[in-house]
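Residue numbers (UniProt numbering): 1 to 1063. Just so you know, even glycine gets a beta-carbon here, dropped at the ideal spot from N, CA and C. Predicted, not measured: the structure shown is a model, and the values here were computed from it. Please read the structure below before turning to the comments.
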Amino acid sequence: MTSDIFSAIHFLTRPLGEAPAQTSQQEALHAALGANRALLLKQLQSDSSLQQVGRFREEVKAAADWFCSETQDITWSFVQECLLLLLTLTRHMTDELKRFQEAQPPSSGRLRTPEMAPPLPPDILSVSQQKTLSAALQFVVSLGLCPYLATGVGIPLGRRSAFGAVVEKLIQREASPPAGRRLLTTTRVLLQVSELATLATLVFTRHLGDVMAALCQLGYEPHHEDNRPLSTDECRSCKEALRNLLGKVYQPIVIKELLILQGGPKQSGPAGSSIGSSGSSRAALGSAPAWLRRLCGQLLSKRLMQPNGVQAVVRAILEGGAGGDSDWRKCDAVARILVACPQQSASADEYFRLVCPQILDLLHFRDKLTAQQFQRVATRAALSMVQERPSFAQQYLLGPLLAPLHRCIAASVEEHPQVAVEESELTRCLEDVYKVWVVGNGPSATLLTALEEVIAVIFTLFCFTKQNVSHLRSPCQEILLWFLNNSETSAALSSLRQLSGLRERKNDVAVEFYFTAGSYGGVRLECRQTCSDEDEELYEKLSGEQWRLECLMQLLAQLKDSDLPGDFFLDLLQELTSWAAAADEEIDEKKVDVAAMTLLEVEQQLLGGSERQAEKLALLQVLAVMVECLQHDKLLRRTSQVVDFMVSLLQRACVGLDVASGPSVGNPVESQTLSMGMGLVATLLSAPQLSSEDYSCMSRLLPPLEALSQQHPDVVIQELASNLRAVIATHGAYRPEKLEDPPAARSSRNPEGTPKKNKMKSDGKKPASTYSRFPQSSQHPSPAGRVGTSSSDDPHPNNKPFSDWLLEACDPEVPTRAFALRVLTQRVQRRDPEAVQAQEKVLTLFLENLEHEDAFVYLSAIQGLAVLTDFYPGRILERLLKDFQHGPSLPSSNKGRSLETRLKVGEVLMRASRAMGELTPHLGRPLVSVFLQGTRDPDQSVRASSLSNLGELCQRLDYSLGPLAQELSSCLTALIKTEKEAEVRRAAVHVIAQLLRGLSDKTTQVLRDVLLDLYRALKWVVRSDPDEVAVLHAQLALEELDDVMRRFIFPEQKLEKKIVVLP
């Protein structure tokens, strides 16, 4: 039956045959429509196979009150036949589908096997049937719907194809029935056909816009009361049908069709913002009537404000794009749509309350192309909203976006006894902040203020990620850099003071909570466990503050083309100057009579003094870390910054000049620093070309230079300050000869101010650089104790007798003893005959000084023992190994410091292992045995030291490690799985990493029998070890092993030519 109905439809819609040459397209089409309709009616009466179809058609015709048999319009008669056949097909397929669904399941004796296909439902159409049905629908829409749309409603047929222009001329509007009734009939039939899902797909895939246009015109087009084509009930039913249609069709398609219905450029109200988003392709559309523009605007606003409406609007406009420039322009247009509150909304507050969460959801798509476009829309919408609607943006957009970070600040143990912020929340929050602030890159006061409130939390999180492996490190760093680059200088400096600890921390992570690693590479905020050990808590606090400073310096080092590091440095120096100026007042305060004060006043004075002292120490610590971690070109990039630095330095030098009564009062270090600083000013003034702006900038140096030239106790500095002041004041017109060769170096070498005879020479034209003027000031410091006698006064220490150096190696003065030890080390390196002859005495001296508590002394002894071992390995190594195993063997050794001495001997053995080179297989076997025994030592430090030395040694043993591989593997795997101390487990894992790195491609040969055990041990660490550092070492070792096995399985292919001599 279904195929018979499609045969009837095929008779009606078959292609046009050969037409006479004299006939026009319009006449040929008119004749073909009439001929096909006559052929259909003839076949229904004569063909026995179509008799049942004819009966169904008559039943449908009898029930259709819209059928007009008296019409004289051939096209409408053709459309009516198409509509009857479509309704016949719909009715038949509906009945068949109902019977199929009500059919009983197959009996148990005929159970289907998994290989059997399920039966097809009767509404499934073949490809040819779909083609026939599509042709019929196209005829219905083209002849029975589109010609009766009002001007400006929908896309005219003439603009679609040449066939459409022919159809427009073919329609007879004055014939019965009226055009309005024809449009209503066609629309109703199409809606009835679309009630079947299979047919609805064909109807709405190609003709949704036309059906929507017809329903809009039938339900909403205004008419005079005496000229209404439809009744009130019919208009109401059309409105209801349009509402139902818009609700059940895929929303992006609905929005796209509504945008097309809005027509060309003459838009107003909220619809105007929607129209501009459809791109330049809509310029060809005609102008829609005002009532249709308003209607489409209202419908679009409803689509936008419903759940997932923002996503539907974005998809409607952007779907199908290739990501080019036009798509980015569309993204910006959609963003403007979202920010514009429509007139249909009850209030702007209600609109943004509904839309803003959907804007944030656009940031969370994972598909690559879709995510890029959606993020662009969300970012631009957020930035536009921040600029145009800052209050709503703060309440509904930025507030929810930053909520997890604010929760880190306000978290309490009562509300969150375990986890305050989950890993997924924090990850999503930081990713969203990165996309809106960094990728969007639209700095505004609102964005910067909102980010400033949580910048301390982000920095704390960044410091945590720097100590661990986390994918949040990069977003945190980029967010912090963006904030520092785009903030005002005053705000950035204030934030840097807070982050560095110079100001009280505000809006930082709650005290009872701390960050911990998540399960998926992120971070979560957990409640902190109470620590009973006050010393450990204090150590964690101090080490944490030091680590925060180092992380802050790393951030400042990452700033490119920024003056912020230099401004921060100069700001701290200025504060340091103010502290120096306030020192005299503190001295006067200390002289206050305490007896005349109450206990409360005394307590307040003492607490105030301790607080000021703590602030000074914190300031000095920040300055020290900055100077240590940042390059000079980061701190002082511009000439003005150099001048500011010199102003600060000279002002500090001027503080207390009235107190100093003579040259002996001054500090030599400060005097030398001042001399070098003024040498830097002289270098600036010696530039080939200096502009008036440069001299104007340097004019700030005039007051402190004047004070130094009149009040400083050093005559040389007075003279140099006077000369520099004269050059700056005259803008270079006056340039004394002494400026070309400033006597600053003389003052640094001669604190008494008496000039030396050997002056440095100058070429007279081009002055030397600052650093070339003071080369000897750092090489020859002022005499201090006996080290000055031995080094500075004696320019040739080799001329001193060897016995004198042995005596000075026992001197109680630390500098003298350390210098003597280094001279003895040099003598051993040069194989001095006296040193070779007295090597036993030298060894004893080194071992004795190894127990010294000063680092300068025992490090010199360690270096000497390493050199001695390198030249005389046999006996020296035996002695050192004995001391490492059993403690120091000298009679004068302090048994209470035995552990410390053993660790220092271990350092000597490590340096000796590195220096063995190719002799390692010969000399290293005894060391391996001792180090393996050391892994069982009761003290954890000795065990860790033994493992560290073992790693350094084994990676140089190559093939000689083979016989020891089994013993080494057993030792390491046992330590990894049974050792309680995390430090020792780390060292054991690190030995495996060093072993794999040292053997490289020889690993599969040397460690052939134990490689699997080592691999399993590493995997066990990654899965089970609670120590994160040990896990990191294990991952690095596994990467080394992976590289080795890849090279072993897939060796590098080398193209080589071989010459073979044939016999």
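Assuming contact is defined by CB atoms lying nearer than 8 Å, are Leu573 and Ser648 in contact in what I supplied?
Within the sequence shown, numbered from 1, the residue matching residue 573 stands at position 573. Within the sequence shown, numbered from 1, the residue matching residue 648 stands at position 648. Yes; because the gap between Cβ atoms is below 8 Å, this pair is in contact.
List, from N- to C-terminal side, the beta strand (DSSP E) runs of 3 residues or more that fit wholly inside the stretch 465 to 489.
List check, beta strand (DSSP E) in window: nothing returned.
So Arg956 and Ala1030 are in contact, right, with Cβ under 8 Å, and what is the actual spacing, rounded?
Indexing the sequence shown from 1 puts residue 956 at position 956. Indexing the sequence shown from 1 puts residue 1030 at position 1030. Not a contact, Cβ separation roughly 24 Å.
Within 10 angstroms of the Cβ of Cys810, are there 16 or more other Cβ atoms? Answer buried if so, exposed if not.
Locating residue 810 in the sequence shown gives position 810, counting from the first residue. Flag for Cys810 reads exposed.
Could you pull the start and end residues of the beta strand (DSSP E) that Thr825 belongs to?
Counting from one through the sequence shown, the residue named residue 825 turns up at place 825. No beta strand (DSSP E) contains Thr825, which is instead part of the alpha helix (DSSP H) from Val814 to Gln829.
Give me the Cβ distance between Thr869 and Val908, rounded to the nearest whole Å; I'm assuming they're in contact under 8 Å.
Locating residue 869 in the sequence shown gives position 869, where the first residue counts as 1. Locating residue 908 in the sequence shown gives position 908, where the first residue counts as 1. The Cβ separation is near 7 Å, so the contact holds.
Under a three-way DSSP split, which group does Glu431 fall into?
For the purposes of this step, residue 431 is taken as residue 431 along the sequence shown, with counting starting at 1. If DSSP states are grouped into helix, strand and coil, Glu431 belongs with the helices.
By the DSSP assignment, the alpha helix (DSSP H) with Leu39 in it spans what residues?
As a first step, residue 39 must be located in the sequence shown, where it is residue number 39. Residues Gln25 to Ser46.
Within the chosen definition, does the stretch 116 to 136 reach the stretch 173 to 182 through at least 3 CB pairs nearer than 8 Å?
Output reads no: the stretch 173 to 182 does not touch the stretch 116 to 136.
Is it buried or exposed for Gln373, if we count other Cβ within 10 angstroms and need 16 for buried?
Counted from its first residue, the sequence shown places residue 373 at position 373. Its Cβ being crowded by 16 or more others within 10 Å, Gln373 is buried.
Sorted by chain position, which residues of the same chain lie with C-beta nearer than 7 Å to Ala987's C-beta, five sequence neighbours on each side aside?
On the sequence shown, residue 987 is found 987 positions in, with the first residue counted as 1. These residues qualify, in order along the chain: Ala944, Leu947 and Ser948.
Please say whether Leu44 and Ala8 have beta carbons closer to each other than 8 Å?
As a position in the sequence shown, residue 8 is number 8, starting the count at 1. As a position in the sequence shown, residue 44 is number 44, starting the count at 1. Yes; because the gap between Cβ atoms is below 8 Å, this pair is in contact.
CB Leu890 to CB Leu847, shorter than 8 Å?
For the purposes of this step, residue 890 is identified with residue 890 of the sequence shown, where counting begins at 1. For the purposes of this step, residue 847 is identified with residue 847 of the sequence shown, where counting begins at 1. Taking 8 Å as the Cβ cut-off, Leu890 and Leu847 qualify as a contacting pair.
On a CA-only basis, which of Val439, Val511 and Val310 is nearest Ala410? Give me that one, please.
Along the sequence shown, read from residue 1 onward, the residue named residue 410 stands at position 410. If we check each option's Cα against that of Ala410, Val511 comes out closest.
Compute the beta-carbon to beta-carbon distance between Val857 and Ala915, rounded to the nearest angstrom, for a pair I have assumed lies under 8 Å.
On the sequence shown, residue 857 is found 857 positions in, with the first residue counted as 1. On the sequence shown, residue 915 is found 915 positions in, with the first residue counted as 1. The pair is not a contact, with the Cβ atoms about 22 Å apart (cut-off 8 Å).
Run through the DSSP bridge pairs and tell me what Gly263 is partnered with.
As a first step, residue 263 must be located in the sequence shown, where it is residue number 263. In the DSSP output, where bridge partners are listed per residue, Gly263 has Ser287.
Could you check the C-alpha separation between Gln651 and Ile359 for me, to the nearest Å?
Position 651 of the sequence shown, counted from the start, is the residue given in the question as residue 651. Position 359 of the sequence shown, counted from the start, is the residue given in the question as residue 359. Whole-angstrom Cα-Cα distance: 55 Å.
Within the same chain, show all residues whose beta-carbon is closer than 7 Å to that of Leu170, passing over the 5 residues directly before and after it, in chain order.
As a working note, residue 170 is residue 170 in the sequence shown. Once the five neighbours on either side are set aside, the close Cβ partners of Leu170 are Gln26, Leu29, His30 and Thr75.
How far does the alpha helix (DSSP H) with Tyr520 in it reach, from first residue to last?
Position 520 of the sequence shown holds residue 520. Run containing Tyr520: none; DSSP gives neither H nor E here.
Assign Ser969 to one of two classes, buried (16 or more other C-beta atoms within 10 Å of its C-beta) or exposed (fewer than that).
The residue given as residue 969 occupies position 969 in the sequence shown. Burial call: buried.
Based on the DSSP output, what are the partners of Cys331 in its beta bridges?
By 1-based counting over the sequence shown, the position of residue 331 is 331. For Cys331, which the question treats as bridged, DSSP gives no partner whatsoever.
Would you say Met678 and Leu720 are within 8 Å of each other, going by their C-beta atoms?
Sequence index remark: in the sequence shown, residue 678 carries index 678 (1-based). Sequence index remark: in the sequence shown, residue 720 carries index 720 (1-based). Yes, the Cβ-Cβ distance between Met678 and Leu720 is below 8 Å.
Which ranges does the alpha helix (DSSP H) cover as unbroken runs of at least 4 residues, wholly within the stretch 867 to 943, from first to last along the chain?
Fully enclosed alpha helix (DSSP H) runs of 4 or longer: 873 to 886, 898 to 915 and 920 to 934.
Going by DSSP, what residue range makes up the beta strand (DSSP E) through Ala420?
In the sequence shown, the residue the question calls residue 420 occupies position 420. Ala420 -> beta strand (DSSP E) spans Val419 to Val421.
Could you name the residues that DSSP lists as bridge partners for Tyr514?
The count along the sequence shown starts at 1 and reaches residue 514 at position 514. Beta-bridge pairing links Tyr514 to Glu526.
In the stretch 554 to 582, which residue ranges form an unbroken alpha helix (DSSP H) of at least 4 residues, counting only runs that do not cross its ends?
Segments of the alpha helix (DSSP H) lying fully in the stretch 554 to 582: 564 to 581.
Which whole-angstrom value is the C-beta distance of Glu983 and Ala517, which I expect to be below 8 Å?
For this step, residue 983 is matched to residue 983 along the sequence shown. For this step, residue 517 is matched to residue 517 along the sequence shown. About 20 Å; that fails the 8 Å criterion.
Give a yes or no on whether the C-beta atoms belonging to Leu549 and Val627 are separated by under 8 Å.
For the purposes of this step, residue 549 is identified with residue 549 of the sequence shown, where counting begins at 1. For the purposes of this step, residue 627 is identified with residue 627 of the sequence shown, where counting begins at 1. Contact: no.
By the DSSP assignment, the alpha helix (DSSP H) with Glu349 in it spans what residues?
Walking along the sequence shown from the start, residue 349 turns up at place 349. Note on residue identity: the sequence assigns Asp, not Glu, to residue 349. Ala348 to Asp361 is the extent of the alpha helix (DSSP H) around Asp349.
Report the three-state DSSP secondary structure of Leu120 (helix, strand or coil).
Indexing the sequence shown from 1 puts residue 120 at position 120. Correct three-state label for Leu120: coil.
If you draw a straight line from the alpha carbon of Cys216 to that of Leu354, how long is it in whole angstroms?
In the sequence shown, residue 216 corresponds to position 216, counting from 1. In the sequence shown, residue 354 corresponds to position 354, counting from 1. Rounded to the nearest angstrom, the two C-alpha atoms are 27 Å apart.
Tell me, to the nearest whole angstrom, how far the beta carbon of Val1006 is from that of Leu1012; I am working on the premise that it is less than 8 Å.
As a working note, residue 1006 is residue 1006 in the sequence shown. As a working note, residue 1012 is residue 1012 in the sequence shown. No, Val1006 and Leu1012 are not in contact; Cβ-Cβ is about 14 Å, not under 8 Å.
Label Thr232 either buried or exposed according to how many other C-beta atoms from any shown protein chain fall within 10 Å of its C-beta, with 16 as the threshold for buried.
As a first step, residue 232 must be located in the sequence shown, where it is residue number 232. Looking at its Cβ environment, which holds fewer than 16 other Cβ atoms inside 10 Å, Thr232 is exposed.
What separation, rounded to the nearest whole angstrom, lies between the Cα atoms of Leu246 and Gln467?
The count along the sequence shown starts at 1 and reaches residue 246 at position 246. The count along the sequence shown starts at 1 and reaches residue 467 at position 467. One C-alpha to the other measures close to 55 Å.
Output the boundary residues of the alpha helix (DSSP H) element that contains Met1.
Mapped onto the sequence shown, residue 1 falls at position 1. Segment: none, Met1 is in no alpha helix (DSSP H) and carries neither H nor E.
Below 8 Å between beta carbons: does that hold for Leu525 and Val655?
Sequence index remark: in the sequence shown, residue 525 carries index 525 (1-based). Sequence index remark: in the sequence shown, residue 655 carries index 655 (1-based). Result no, Cβ atoms of Leu525 and Val655 do not sit closer than 8 Å.
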